[in-house]
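Quick notes on the structure that follows.
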Amino acid sequence: MKRGALVFAAILVVMGLATLEIVVGSAHIPLPGIMRALRSGPTGHDFITKIVWSIRVPRCLLAFLTGATLASAGALLQASTRNPLADPFLFGLSSGAATGAVAMLVFAGDILGVWTSAIGAAAGALLATIGLLLLISATATGRSRIQNERVLLSGLAISFIFSTLTNLMIFWGDRNTAQSILFWTMGSFASARWLSLPVALAGLLLVLTYGWHARRGLDALMAGEETARSLGIDTRRMRMTVLSVCAFSTAMTVSLCGPVAFIGLIVPHMARQMCGASLYRSYGWTPALGGILAMLADLVSKCLLPSQEIPVGIVISALGAGFLIALMVRKTA
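Numbering (my numbering), first residue to last: 641 to 973.
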């Protein structure tokens with residue numbers, strides 16, 4: 641299929657999913673009412689207009705921005721570590737964000753309203769990022785290069801530490817906050833508001849800007865350490881920069897919707913299947929595919945049960961498990 645046809649097909653898919661995201665929800669609204677609300681704009685004061693413009697449209701946009709950010713970060717991490725299983729959540733960011741959100745809910749209650757968990761999650765993800773960078777730096781003595789195994793093990797260690805802290809705080813907290821804490825830690829776009837979208841957009845712009853600037857260098861790094869060094873690339877510095885950029889962009893996303901795993905793992909493989917292994921060719925498609933996957937998962941989470949919405953993280957985890965099984969079968973075939 642030609643590039644123009646692919647772009648047109650992707651636009652149609654995004655528009656179709658966005659329409660379904662706005663139409664489908666816990667409150668049944670006839671399609672003519674939704675169309676009138678969209679035409680009238682966000683300034684309307686009727687009930688349907690408020691639901692459409694204050695809840696469903698921001699949720700749709702947050703889902704797309706989240707998927708695009710996590711997929712782009714996953715592509716950079718897989719390229720820089722040369723590990724097809726690298727994922728933004730492998731480095732403990734989701735555990736750090738969950739710890740921060742739980743700490744705010746347990747010790748501060750709902751003091752800041754809808755921003756309580758968001759602020760706590762951002763702080764927790766930032767602490768996880770700092771801890772990961774310090775641990776990697778502490779174990780990379782002298783002029784030794786940053787090995788893939790060291791990065792992965794450091795991420796697992798940070799993840800285990802913050803997961804332990806989260807479980808301890810849930811154990812100490814009262815039962816009234818248990819349900820909201822559990823729902824948040826599974827990932828959800830339900831708390832999307834217009835005020836939170838600039839944060840998500842900033843995370844996407846951060847990872848896209850760096851990825852577009854560094855894509856040729858990362859392609860050289862994927863070809864091997866010696867190849868990259870022969871081209872004058874400081875591989876240690878590039879990996880540290882990739883890790884920092886992906887960590888901070890993921891933190892911005894996780895602070896708004898909780899940990900949504902596996903998007904950064906699945907989507908880069910899909911993009912490489914479409915465009916080849918080169919990051920230079922596939923990186924432009926990665927955010928679009930990530931946004932589509934996140935919107936699709938959010939739509940499924942709203943439709944799977946007739947009278948109840950399930951966390952989108954459950955849907956993504958199911959897809960991720962199936963993807964890993966398929967990947968292992970393909971590798972052994």
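By construction, the Cβ of each residue, glycine as well, lies at the ideal position given by its N, Cα and C atoms.
Here the structure is a predicted model, which means the values were calculated and not measured.
State the Cα-Cα distance for the pair residue i and residue j, rounded to the nearest angstrom.
i	j	result
residue 829	residue 656	19 Å
residue 784	residue 882	Note on residue 784: pLDDT 47, under 50, position unreliable in the model; the coordinate value appears next. C-alpha separation (whole angstroms): 18 Å.
residue 738	residue 765	8 Å
residue 867	residue 811	51 Å
residue 685	residue 693	10 Å
residue 895	residue 707	14 Å
residue 801	residue 768	9 Å
residue 863	residue 717	15 Å
residue 793	residue 815	34 Å
residue 848	residue 890	12 Å
residue 935	residue 728	19 Å
residue 645	residue 970	29 Å
residue 791	residue 779	10 Å
residue 901	residue 669	31 Å
residue 865	residue 736	31 Å
residue 652	residue 661	14 Å
residue 671	residue 795	46 Å
residue 872	residue 683	55 Å
residue 797	residue 964	22 Å
Can you say whether residue i is buried or exposed, counting buried as having 16 or more other CB atoms within 10 angstroms of its CB?
i	result
residue 804	exposed
residue 822	exposed
residue 799	buried
residue 698	buried
residue 775	buried
residue 962	exposed
residue 912	buried
residue 887	buried
residue 846	buried
Reducing DSSP to helix, strand and coil, say where residue i ends up.
i	result
residue 913	helix
residue 727	coil
residue 985	Lying before the first or after the last residue shown, residue 985 is absent from the chain, which here runs from 641 to 973.
residue 880	helix
residue 687	helix
residue 900	coil
residue 733	helix
residue 664	coil
residue 718	helix
residue 829	coil
residue 947	coil
residue 953	helix
With distances taken Cα to Cα, identify the nearest neighbour of residue i among the options.
i	options	result
residue 885	772, 863 and 697	772
residue 945	665, 707, 649 and 848	665
residue 760	972, 770 and 748	748
residue 757	745, 767 and 810	745
residue 928	643, 679, 654 and 909	654
residue 875	854, 796, 800 and 892	854
residue 647	674, 960, 914 and 836	914
residue 835	970, 736, 865 and 701	701
residue 947	661, 667, 645 and 644	667
residue 870	860, 877 and 878	860
residue 841	892, 795, 806 and 807	892
residue 807	743, 793 and 794	743
residue 713	908, 964, 736 and 792	908
residue 770	703, 671 and 732	732
residue 696	779, 797 and 674	674
residue 831	967, 958 and 938	938
residue 837	972, 703, 663 and 643	703
Would you mind stating whether residue i and residue j have Cβ atoms separated by less than 9 Å?
i	j	result
residue 858	residue 726	no
residue 688	residue 676	yes
residue 741	residue 659	no
residue 940	residue 897	no
residue 607	residue 715	Here the chain has residues from 641 to 973 only, and residue 607 is not among them.
residue 650	residue 852	no
residue 956	residue 843	no
residue 710	residue 903	yes
residue 879	residue 720	yes
residue 931	residue 678	no
residue 933	residue 959	yes
residue 680	residue 899	no
Taking only beta-carbon positions, decide if residue i is within less than 9 Å of chain C.
i	result
residue 688	In the displayed structure, chain C is absent; only one protein chain is listed.
Between residue i and the ligand ADP, is the CB less than 8 Å from at least one heavy atom?
i	result
residue 775	This structure lacks the ligand ADP; in fact it carries no ligand of any kind.
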